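Residue numbers (our numbering), protein chains in the order written: chain A, 846 to 1086; chain B, 61 to 370.
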Amino acid sequence: MHAIWVISKREFNSFFDSLVSYIFIVVFLGVGGFFTWLFGSDIFLIGQATLQPFFSIAYFTLFFFIPALTMRMLAEEKRIGTLELLLTKAVSDWQVVIGKFLACLILISVALALTLPYYITVWALGPIDHGAVWCGYFGMILMSMAYIAIGLFASSITNNQIVSFLLALFIGVFFLIIFDVLAGSFTGTIGQILNFLSMSTHFDSISRGVIDSRDLIYFFSITFLGLMLAETSLSKRNIVE
Amino acid sequence: MSIVVNNLTKKFGSQRAVDNISFEVKTGEILGFLGPNGAGKTTTMKILTCYMAPSDGDAKINDLSILEYQDEIKKKIGYLPENNPLYHDMPVLDYLKFVADLQGVPKERIQNRITQMVHVCGLNVEKHKKIGELSKGFRQRVGLAQAMIHDPEILILDEPTTGLDPNQIVEIRKLIKEIGKHKTVILSTHILPEVEATCDRILIINKGKIVADGTSDMLRKRARGEEMVRIQIKDFENRDTVVTALKNLASVAIVDFVKELPDSFLVTSKENQNSRKDIFKLCVQKNWVLTEMTPIETKLEDIFRELTTN
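The structure is reproduced here in structure tokens:
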């Protein structure tokens, strides 16, 4: 546990050592704020005290930003060789993967926490469904976990950051759009399966304020699968033929 | 802390990077790992540091197998990989703290260890800089400092002196020798004088196999069984008489002229015999003046070339 924390702390600090975290937070808040308050189907257009517009835009911004955060995490370390140094210290492959996962999750939580003023403002504007807001945030965290895990997996199989970024987007886009679109054109069991695989099905139900065990299982499964594949890909070097 | 390697093999596809090697390193020994590029030095080190599992065979570090007790072993080993990979965006002190933390150095000792390492590795001037801003030599020192920060019982150094200037090389060698008094050190290098200067024992490896194992003296003996001396003699009448007289000595096998030096000769003794005494006595008897007698040592370079080229 200690090792995981040490790795997380270093990763988290390295976000702030470079400009990555600042750019991420500024753009995330900027884009989120712009579409929540000023443009498109913003709060004033809907005329309801709800954070739904913010959640639906964050749903897309996180899809793009998370691969950008995770792309270098393992790929870059592999490229410059620091991964070798890290893995010959008293840490396991799991600890490295989880440590990096947590660092990224904490950064996103910080960014989400910085949107709390939106919540307070909307609350001041009218009667707000507090349950739905907190569930929305919870859904954001769950979704981020899934994307981070996918991003880490993409980062673990290459030592090129661009490849890692594009691969994470490619895998992510299935969960974001493709399964959803396909689900519409199939009926029966296949349609149901595709519908279940689509992230929007689960995210929508959570952000409406309904926390169902099926949704939790869905997000936790993707997260676990992504992290497990990342770990497997790291420990590939240990395979005895 | 002893290291025992047993029939270690690592295959990459069909290529055998390390081919069934076995050796031992005793506590307090400095072992020099020599070999041409691609001989399998780095792979062996990666296996010993538990970065990679071997395809076959085993290595035991203080009777703990690298296949089972990786966590315990990793804590006891300090490793400086080839090319010295470091996080360039981290300041030196933060980085050392990170490594110490990771290696489980108790919190109250971390500061103490960092101060010590900064002192030992001569990092005091540069300690607040980011690693990326340091020169190659200083980065190498940071690499050494991180390898030793948890006071490991075994140090594995992959080409520790590359990129250092001659003064730094001497310092680092001195440091390694100092550490080697109490600890087990394995170091790999291409620089042959370095092995002679620092190592107690040399292991030469070629194409994944061990081709020589012993002290530098033992290797020399093995490479050339007979002793060879160069002598210079003054006040003789005829070169041929000198050669004949030398050849007639019981312990002498071959006598050669030295090019461009008419009064010098190369005398090779018979196997396991020493001819220096006889040469001296001969000169006294014949009234020749012996002005030089130099034993000719086989250079480690020659041994290395002989063993690693077919």
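Idealized CB from N, CA, C, for every residue including glycine.
From a predicted model like this one, the values you see are computed outputs, not experimental measurements.
| Asked | Found |
| --- | --- |
| contact_flag[the region 909 to 928 of chain A, the region 989 to 1005 of chain A] where n(CB pairs < 8 Å) is 3 or more | yes |
| Buried or exposed (CB count within 10 angstroms, at least 16 for buried), B/Leu204 | buried |
| Option nearest B/Val109 by Cα separation, candidates B/Leu146, B/Ile63, B/Leu350 | The sequence as given places Thr at residue 109 of chain B; Val does not occur at that position. Residue B/Ile63 is the option with its Cα nearest to B/Thr109. |
| Proximity test, Cβ basis, 9 Å: A/Glu929 and chain B | yes |
| Stretch pair the region 125 to 132 of chain B + the region 168 to 176 of chain B: three plus CB contacts closer than 8 Å | no |
| Residue-level contact to chain A via CB, B/Pro220, 9 Å cutoff | no |
| Through-space distance from B/Asp260 to B/Leu68, alpha-carbon basis | 23 Å |
| Best match in B/Asn66, B/Ser125, B/Val78 for proximity to B/Gly268 [C-alpha to C-alpha] | B/Val78 |
| Integer Cβ distance of B/Val315 from B/Phe325, believed to fall under 8 Å | 6 Å |
| Beta-bridge partners of B/Asn66, as assigned by DSSP | B/Asp118 |
| B/Pro220 in three-state terms, based on DSSP | coil |
| Per-residue contacts from A/Ile925 into chain B (C-beta, under 9 Å) | Asn143, Pro145, Leu146, Tyr147, His148 |
| A/Val936 at chain B interface by Cβ criterion, 9 Å | yes |
| Contacts that A/Val851 makes with chain B (C-beta to C-beta distance below 9 Å) | Phe158, Asp161, Leu162 |
| Neighbouring residues, chain A, relative to B/Cys110 (Cβ below 7 Å) | Thr933 |
| A/Asn858 at chain B interface by Cβ criterion, 9 Å | yes |
| Length of the line joining the Cα atoms of B/Pro253 and B/Lys281 | 17 Å |
| Chain-ordered chain B contacts of A/Ser1000 [CB-CB under 7 Å] | None at all; the shortest Cβ gap to chain B is about 16 Å. |
| Chain B within 9 Å of A/Ser1078, Cβ atoms only | no |
| DSSP bridge partner residues for B/Lys328 (one or two, in chain order) | Reading off the sequence shown, one finds Thr at residue 328 of chain B, where the question assumed Lys. Bridge partners of B/Thr328: B/Met288, B/Ile314. |
| Closer than 8 Å at the beta carbon, the chain A residues around B/Ala113 | Arg1082, Asn1083, Ile1084, Val1085 |
| DSSP three-state assignment for A/Ser886, whether helix, strand or coil | coil |
| Closer than 8 Å at the beta carbon, the chain B residues around A/Arg917 | Per Cβ cutoff of 8 Å: no residues; A/Arg917 is ~11 Å from chain B at best. |
| Separation of B/Ala207 from A/Ala935, as counted between CA atoms | 12 Å |
| Sub-9 Å separation of B/Glu287 and B/Pro220 beta-carbons | no |
| Runs of beta strand (DSSP E) wholly within the region 916 to 966 of chain A (minimum 3 residues, chain order) | none |
| Three-state secondary structure assigned by DSSP to B/Ile214 | strand |
| Element boundaries [beta strand (DSSP E), containing B/Val245] | 244 to 249 |
| Minimum Cβ-Cβ distance from B/Gln171 to chain A less than 9 Å | no |
| Residue ranges of each alpha helix (DSSP H) within the region 118 to 172 of chain B, 4 or longer | 130 to 136, 152 to 162 |
| N- and C-terminal bounds of the beta strand (DSSP E) containing B/Pro355 | 349 to 355 |
| Euclidean distance between Cα positions of B/Val85 and B/Gly95 | 18 Å |
| Run of the alpha helix (DSSP H) containing A/Phe861, from where it starts to where it stops | 847 to 862 |
| Inter-residue spacing [alpha-carbon to alpha-carbon] between B/Asn298 and B/Glu256 | 41 Å |
| Min CB distance B/Gln206 to chain A below 9 Å | yes |
| CB contact below 9 Å: B/Asp154 versus chain A | yes |
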